[in-house]
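Since the structure comes first, as structure tokens, the remarks are kept for the end.
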Amino acid sequence: GAVVSQHPSWVICKSGTSVKIECRSLDFQATTMFWYRQFPKQSLMLMATSNEGSKATYEQGVEKDKFLINHASLTLSTLTVTSAHPEDSSFYICSAPLPRGLNEKLFFGSGTQLSVL
Amino acid sequence: DAKTTQPTSMDCAEGRAANLPCNHSTISGNEYVYWYRQIHSQGPQYIIHGLKNNETNEMASLIITEDRKSSTLILPHATLRDTAVYYCIVRTSFMDSNYQLIWGAGTKLIIKP
């Protein structure tokens, strides 16, 4: 079945540094990918929609200059947390839908646990 | 805001059927009901979805009421590995270019030996 691969699974970084998270669709092309953030014991919150070849669409309250999204190919989207601070520590998850006409499922990566010291 | 309401938590004995309810009283005619689950510190996993008819796959069964205002996810023989948070979500047809899902709080299902 369709698989979305997300790396790294976890990362620890110092405050002020930048962290890049990769999301790949392994056996299908994804013109759209979604990035979520999840705090402990809370549900998923959509941060932004990543569109291949164009600018990402950010949800209200999400700083686009802080959370840089690049969707340079049909199988790869990256989220860069710039100048990370402890309050950015969270579980970040990407997802991608199968192309229209095949199946309307949404597949998720395994998530990235970010801890900022 | 999430369009669904679910109980916060449920327990089920191992080997028994787990029945997870979901209310979606404001569902529109073109909205599907989806179920996902999330095991601790992992990405959500697709379980099943449906529009009007009951559905069954290798993981679970989905029973949707005739008025579509509620549904029940059934795990026929729950195992300890089924312990997870289960999310019931409604979303528009795949013909809609917006694939967003609005996530509620979900039901924490605990399978007990």
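Listed in order, the protein sequences are those of chains A and B.
Our numbering numbers the first residue of the first sequence as 923 and each following residue consecutively.
Our numbering numbers the first residue of the second sequence as 173 and each following residue consecutively.
Where a beta carbon is used, it is the ideal one built from N, C-alpha and C, also for glycine.
The structure displayed is predicted, hence computed values, not measured ones.
Any C-beta of chain B under 8 Å from that of Gln982 (chain A)
no
9 Å Cβ cut-off: residues of chain A touching Leu273 (chain B)
Phe956, Leu966, Leu968, Ser1017 and Leu1028
Straight-line gap, Lys936 (chain A) to Gln928 (chain A) (C-alpha atoms, nearest Å):
21 Å
Closer than 8 Å is the cut-off here; do at least three beta carbon pairs connect the segment 941-951 of chain A with the segment 990-1000 of chain A?
yes
Within-8 Å CB hit, Ala277 (chain B) to chain A
yes
Proximity winner among A:Val933, A:Val925, A:Gly938 and A:Leu1028, relative to His1007 (chain A) (alpha-carbon distances):
A:Gly938
Integer-rounded CB distance, given that Gly1031 (chain A) should sit under 8 Å from Val926 (chain A):
5 Å
Interface residues of chain A facing Gln214 (chain B) [CB-CB closer than 8 Å]
Ser1032 and Gly1033
May I have the straight-line CA-CA distance separating Leu968 (chain A) from Arg959 (chain A), to the nearest angstrom?
7 Å
Does the Cβ of Leu1028 (chain A) have 16 or more other Cβ atoms within 10 Å, making it buried, or fewer, making it exposed?
buried
Cβ-Cβ distance between Leu966 (chain A) and Val1003 (chain A) below 8 Å:
no
Tell me, to the nearest whole angstrom, how far the beta carbon of Thr237 (chain B) is from that of Leu192 (chain B); I am working on the premise that it is less than 8 Å.
Contact doesn't hold; Cβ gap of about 14 Å is too wide.
If the cut is a Cβ gap below 9 Å, which residues of chain A does Tyr258 (chain B) touch?
In chain order: nothing, as chain A lies at least about 12 Å away.
Starting from Leu245 (chain B), trace the beta strand (DSSP E) in both directions and tell me its first and last residue.
Ser242 to Leu247
Rank B:Thr255, B:Arg240, B:Trp275 and B:Met231 by C-alpha distance to the C-alpha of Pro285 (chain B) and give the top, closest one.
B:Thr255
Are the CB atoms of Phe961 (chain A) and Ser1005 (chain A) within a distance shorter than 8 Å?
no
Whole-angstrom distance between Cys184 (chain B) and Ile282 (chain B), CA atom to CA atom
6 Å
Output the distance between the C-alpha atoms of Arg188 (chain B) and Glu203 (chain B), rounded to the nearest integer angstrom.
31 Å
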